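In the UniProt record's numbering, the protein residues as written are 1 to 491.
C-beta: ideal position from N, C-alpha, C; glycine also.
Remember, predicted model here, so these are calculated numbers, not experimental data.
Spelled out as structure tokens, the structure:
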């Protein structure tokens, strides 16, 4: 897709990294099989959109092992190369530093390729709120997982799967300043094609049956402690401090299987617009999220609030009746309207005046097990701003915090006993050209040191029943355990 002459021309134009691409027919592969053939190890990732459609699902992204990794703990940045720490330094503003890392190289856009062909890939943990609002730092809860607040892979070797055409784009970035850069890139591509074509490659061992015991869990809260936190939240609501706050609890179980088995289980039983498997070596993050945090594409900022849920019906008639019931529920509508307003306010902080619009409103989106009310808010990014500014304006999502957002975050910080870490932050990519797409880290498992952790929240409002809110968070968390355990028996 790029010739030597084009490579030389792009080098002459001053680009410091040039994507060298090879397109191969891959109609007998799946994104998961390509991941298992080419990546399957530390500092790799797989992003899929299982339920497809042009808008969400055409491309799947497989990240090959990243040589360079950036980890932020508070304001300390640690840079590793090939597993060894090469630099540690303090940074004033981690979001500004992320933008500097993204823009450090000039990379040409190539026609005919998907929007993401390399960049920074990873997570922004919930405690990034302290970078945005100083009074929310440092976090007060116990840090039981110890994961970085920001973890980003420097992704320069990847495979992009075109689900519509059954084609695979193998991409490696070459440094034109190095002698033999073109030849080295071609050799890497040859090696990747050989791995793809190797007999028997990409066929995983059977999924481990004895993955976990869904009843053998511990919670970060006691039932009494959670109910007390709900009661305290309702006091703040009655006092007019907040309208709503999202309280969460973490459930943890011993875990015996391969982390990729969890991804396979979620992929089979709970497909969503955002499916991700991220392996950082000592931590694996696996998720099936229905909701973007924010997307930046060609200068357009998009947020899509999701609030309001019903289970899927057993028949078409029951499904339609549940949709009517959901759309007529005054509490669900009020909560969703509040989130639309939050989305408009957040997008408006970085958008040109007069460009913020609410497009789709109160649309029902159906997933494998549930349906949600969804709306869409867009705006045109102000000149001179970047995704770092967009993240400051929108992070974290109102659906995992509450309203007003800052005061709700203070309440969460006061009442939740442990740091949220990855949960309720965002996971996704920032491309070299500035576009970005990140999902809210919900319906997500974190696997570390032989334990699998999930976290679930409930929106607390003035008439919330504390016991029911405990049950809701417990049921949400255990549902993910159940999905993994059930899939292990059937895959």
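Grab me the residues of residue i's own chain with a C-beta within less than 8 Å of its C-beta, minus the 5 sequence neighbours each way, in chain order.
| i | result |
| --- | --- |
| residue 401 | 245, 246, 408, 409, 412 and 424 |
| residue 342 | 305, 398, 403 and 405 |
| residue 329 | 308 |
| residue 99 | 386, 387 and 388 |
| residue 94 | 72, 75, 77, 128, 131, 149 and 150 |
| residue 417 | 141, 142, 220, 221 and 225 |
| residue 298 | 435 |
| residue 193 | 22, 24 and 170 |
| residue 85 | 78 and 79 |
In terms of residues, what are the limits of the beta strand (DSSP E) holding residue i?
| i | result |
| --- | --- |
| residue 330 | Careful: residue 330 lies outside any beta strand (DSSP E), inside the alpha helix (DSSP H) at 330 to 348. |
| residue 25 | 18 to 25 |
| residue 31 | Note, residue 31: premise wrong, no beta strand (DSSP E); alpha helix (DSSP H) at 31 to 38. |
| residue 44 | 44 to 48 |
| residue 254 | 244 to 254 |
Along the chain, where does the alpha helix (DSSP H) that runs through residue i open and close?
| i | result |
| --- | --- |
| residue 283 | Segment 283 to 289 is the beta strand (DSSP E) holding residue 283; no alpha helix (DSSP H) there. |
| residue 262 | 259 to 269 |
| residue 279 | Residue 279 -> not in any alpha helix (DSSP H); beta strand (DSSP E) instead, spanning 274 to 279. |
| residue 67 | Counting along the chain, residue 67 falls outside any alpha helix (DSSP H), and DSSP gives it neither H nor E. |
| residue 237 | 223 to 238 |
| residue 59 | Run containing residue 59: none in the alpha helix (DSSP H); it sits in the beta strand (DSSP E), 59 to 63. |
| residue 7 | 4 to 12 |
Output the distance between the C-alpha atoms of residue i and residue j, rounded to the nearest integer angstrom.
| i | j | result |
| --- | --- | --- |
| residue 190 | residue 116 | 22 Å |
| residue 315 | residue 458 | 28 Å |
| residue 160 | residue 82 | 23 Å |
| residue 313 | residue 252 | 30 Å |
| residue 78 | residue 426 | 20 Å |
| residue 235 | residue 359 | 36 Å |
| residue 163 | residue 136 | 42 Å |
| residue 301 | residue 332 | 25 Å |
| residue 255 | residue 453 | 9 Å |
| residue 377 | residue 353 | 14 Å |
| residue 179 | residue 185 | 11 Å |
| residue 13 | residue 6 | 11 Å |
| residue 471 | residue 171 | 47 Å |
| residue 446 | residue 125 | 12 Å |
| residue 265 | residue 484 | 5 Å |
| residue 70 | residue 288 | 24 Å |
| residue 283 | residue 362 | 37 Å |
| residue 368 | residue 9 | 48 Å |
| residue 498 | residue 155 | The shown model of the chain, from 1 to 491, leaves out residue 498, and the question about it has no answer. |
| residue 42 | residue 63 | 10 Å |
| residue 111 | residue 451 | 44 Å |
| residue 303 | residue 280 | 28 Å |
| residue 89 | residue 310 | 48 Å |
| residue 45 | residue 325 | 39 Å |
| residue 123 | residue 449 | 19 Å |
| residue 195 | residue 38 | 7 Å |
Going along the chain, which residues of its own chain have a beta-carbon closer than 6 Å to the beta-carbon of residue i, five neighbours each way excluded?
| i | result |
| --- | --- |
| residue 365 | 372 and 374 |
| residue 241 | 407 |
| residue 53 | Here residue 53 scores only 37 on pLDDT, less than 50, and its place in the model should not be relied on; the value that follows carries that caveat. None. |
| residue 55 | Unreliable placement is indicated for residue 55, whose pLDDT of 45 sits below 50; no coordinate value is reported for it. |
| residue 87 | 79 |
| residue 291 | 306 and 440 |
| residue 47 | 61 and 276 |
| residue 436 | 296, 387 and 430 |
| residue 455 | 248, 250 and 423 |
| residue 114 | 59 and 160 |
| residue 348 | 356 |
| residue 393 | 346, 349 and 350 |
| residue 146 | none |
Hey, residue i and residue j are a contact pair by Cβ (cut 8 Å); roughly how many whole angstroms apart?
| i | j | result |
| --- | --- | --- |
| residue 492 | residue 22 | With the chain covering only 1 through 491, there is no way to say anything about residue 492. |
| residue 49 | residue 275 | 7 Å |
| residue 102 | residue 119 | 7 Å |
| residue 296 | residue 395 | That belief does not hold up - the Cβ atoms of residue 296 and residue 395 are roughly 13 Å apart, past 8 Å. |
| residue 327 | residue 350 | In fact, because the Cβ distance is near 31 Å, the residues do not count as touching under 8 Å. |
Go through its chain and collect everything with a Cβ distance to residue i's Cβ below 7 Å, but skip five positions before and after it.
| i | result |
| --- | --- |
| residue 11 | 18 and 176 |
| residue 466 | 227, 230 and 231 |
Say the cut is 7 Å; is the CB of residue i nearer than that to a heavy atom of the ligand ADP?
| i | result |
| --- | --- |
| residue 285 | In the structure on display, the ligand ADP does not appear, and there are no ligands present to speak of. |
Quiz prompt | Minimum length 4: unbroken alpha helix (DSSP H) runs contained in the stretch 295 to 331 | solution = 316 to 328
Self-check item: In chain order, each beta strand (DSSP E) run of at least 3 residues that lies wholly inside the stretch 404 to 486
Solution: 426 to 431, 436 to 440, 444 to 448 and 451 to 460
Practice problem: Run through the stretch 117 to 193 for me and flag every whole beta strand (DSSP E) of 3 or more residues, listed as ranges in chain order. | Solution: 119 to 124, 150 to 155, 157 to 162 and 167 to 174
Practice problem: Any chance you could list the alpha helix (DSSP H) runs of at least 4 consecutive residues sitting entirely within the stretch 70 to 112, in chain order? | Solution: At a cut-off of 4 residues, the continuous stretches assigned as alpha helix (DSSP H) that sit fully inside the stretch 70 to 112 are 94 to 102.
Quiz item: What are the uninterrupted segments assigned as beta strand (DSSP E) that are 3 or more residues long and contained completely in the stretch 345 to 392, given in chain order?
Solution: 363 to 366, 370 to 374 and 377 to 380
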